[in-house]
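Student: Chains A and Y are the protein sequences, given in the same order. Numbering (numbering that gives the first Met the number 0) for the first sequence: 0 to 138. Numbering (numbering that gives the first Met the number 0) for the second sequence: 0 to 138. Just so it is clear, CB atoms sit at the ideal spot from N, CA and C, and this is done for glycine as well. Model, not experiment: these values are computed from the prediction.
Number of protein chains: 2
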Amino acid sequence: MQGKSIGELKVGDKVSVTRAFSEQDVAAFAQVSGDHNPAHMDEEYAKGTMFKTRIVHGMLVGSLFSALLGTELPGVGSIYTGQTLKFTKPVHFGEEITASVTVKEIIAEKNRVILDCLAVNPQGEPVILGEATIMPPRK
Amino acid sequence: MQGKSIGELKVGDKVSVTRAFSEQDVAAFAQVSGDHNPAHMDEEYAKGTMFKTRIVHGMLVGSLFSALLGTELPGVGSIYTGQTLKFTKPVHFGEEITASVTVKEIIAEKNRVILDCLAVNPQGEPVILGEATIMPPRK
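#1: Can you tell me which residues form a DSSP beta bridge with Y/Ala38?
#2: If contacts are defined as beta-carbon pairs under 8 Å, then Y/Thr17 and Y/Thr101 qualify, I think. What distance do you get, rounded to the angstrom?
#3: Between Y/Gln1 and chain A, is the shortest Cβ-Cβ distance under 8 Å, so that the two count as touching?
#4: Would you grab the beta carbon distance between Y/Ala19 and Y/Glu71 for me? Rounded to a whole angstrom, and I think it's under 8 Å.
#5: Could you tell me which residues DSSP puts in a beta bridge with Y/Leu59?
#6: Would you say A/Met0 touches the ligand GDP, meaning its beta carbon is less than 7 Å from a heavy atom?
#7: Name the residue from Y/Ser4, Y/His91 and Y/Lys109 whose alpha carbon lies nearest to the alpha carbon of Y/His56.
#8: Given a limit of 8 Å on CB to CB distance, which residues of the stretch 5-18 of chain A reach chain Y?
#9: Using 8 Å as the limit for Cβ to Cβ distance, is Y/Asp115 near chain A?
#10: Could you check whether A/Val75 and Y/Pro37 sit closer than 8 Å to each other, using their CB atoms as the reference points?
#11: For A/Leu67, collect the residues of the same chain with a Cβ closer than 7 Å to its Cβ; drop the 5 residues on either side in sequence, then sort them by chain order.
#12: Using a Cβ-Cβ cut-off of 6 Å (strictly less than) and excluding sequence neighbours within five positions of Y/Leu59, which residues of its own chain qualify?
#13: What's the gap between the Cα of Y/Gly2 and the Cα of A/Ile78?
#14: Determine whether the beta carbon atoms of A/Leu114 and A/Ile133 lie at a separation below 8 Å.
#15: Let me know if A/Gln82 comes out buried or exposed under the rule of 16 or more other beta-carbons within 10 Å of its beta-carbon.
#16: On a Cα-Cα basis, can you pick out the residue from A/Ser65, A/Glu124 and A/Asn120 that is closest to Y/Gln30?
#17: Using the Cα positions of A/Leu84 and Y/Val112, report the straight-line distance between them to the nearest angstrom.
#18: Going by DSSP in three states, Y/Asp12 sits in which element: helix, strand or coil?
Written out as structure tokens, the structure reads:
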């Protein structure tokens, strides 16, 4: 089941997912990425940081956008050509993060779509803001 | 061992890492991110795509930058405030990718450093181009 082609998308289309990251998730991401920064891995170290506790890797939280784009909107068959990410707040272990992608601009002649990307914490504060550029599947 | 503070960095400072991603790495990233797009997971499906075979998740390759920034340059204690990524070529399973980050601009009064991010394949072709914005550790 292919995702939506450019003609099937409209500005404002939106999907979202809510997800919390566990200590095990953070360890798995550290393993696969090689990012063993103690801010994510070592609670004793993290107590001395400005965040006072371990935080989830920003790129792991950002990967929620990749999941939404590649499986839901536009969905399967999309080609990911760009992503910007601003990390605006730390994400704590176990905190429920709601990530959403919203169609912002459709450039039909180039088969490109630009989507706003937003992840918020349970207080509704943005933790990541960004934009994705996608080539939707052709049909 | 804290990373480098703003006064210890200079334009042109560079670190790099070479890494290949296996089928197991891609499966682990799919699990932790929720990104089960068949372009990464299903060889039969992938044969019908423009890339003709499964490819590595762009955000997994991009996480090499996070690893370099958080553990080497500036290193431990850095705060990641932004990342841009342009995915310019597909990355195949087992392909040795060299990712590097290079100090491009130092904004001392804001304690910010901007680093160029580049990942290349064994043919020397860029697979990701981007920029990271970091607050280096204060000493």
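Tutor: Let me spell this out:
#1: DSSP lists no partner for Y/Ala38.
#2: About 16 Å; that fails the 8 Å criterion.
#3: Cβ-Cβ to chain A under 8 Å: no for Y/Gln1.
#4: Actually they are not in contact, since the Cβ atoms of Y/Ala19 and Y/Glu71 sit about 19 Å apart, beyond 8 Å.
#5: In the DSSP output, where bridge partners are listed per residue, Y/Leu59 has none listed.
#6: As far as ligands go, the structure on display features none, and thus does not contain the ligand GDP.
#7: Nearest C-alpha to Y/His56: Y/His91.
#8: Answer set for the stretch 5-18 of chain A: Val16 and Arg18.
#9: No, Y/Asp115 lies away from the interface with chain A (no Cβ there is under 8 Å from its Cβ).
#10: In contact: Y/Pro37 and A/Val75 (Cβ atoms closer than 8 Å).
#11: Contacts found: Val14, Val16, Ala98 and Val100.
#12: Excluding positions up to five away in sequence, the list reads Phe28.
#13: Rounded to whole angstroms, Y/Gly2 to A/Ile78 spans 36 Å at the Cα level.
#14: Taking 8 Å as the cut-off, the Cβ atoms of A/Leu114 and A/Ile133 count as close.
#15: Burial state of A/Gln82 is buried, judged by a 10 Å Cβ sphere holding 16 or more other Cβ atoms.
#16: Nearest C-alpha to Y/Gln30: A/Ser65.
#17: When rounded, the separation of the alpha-carbon atoms in A/Leu84 and Y/Val112 is 16 Å.
#18: Looking at Y/Asp12 - three-state DSSP - the assignment turns out to be coil, as it is neither helix nor strand.
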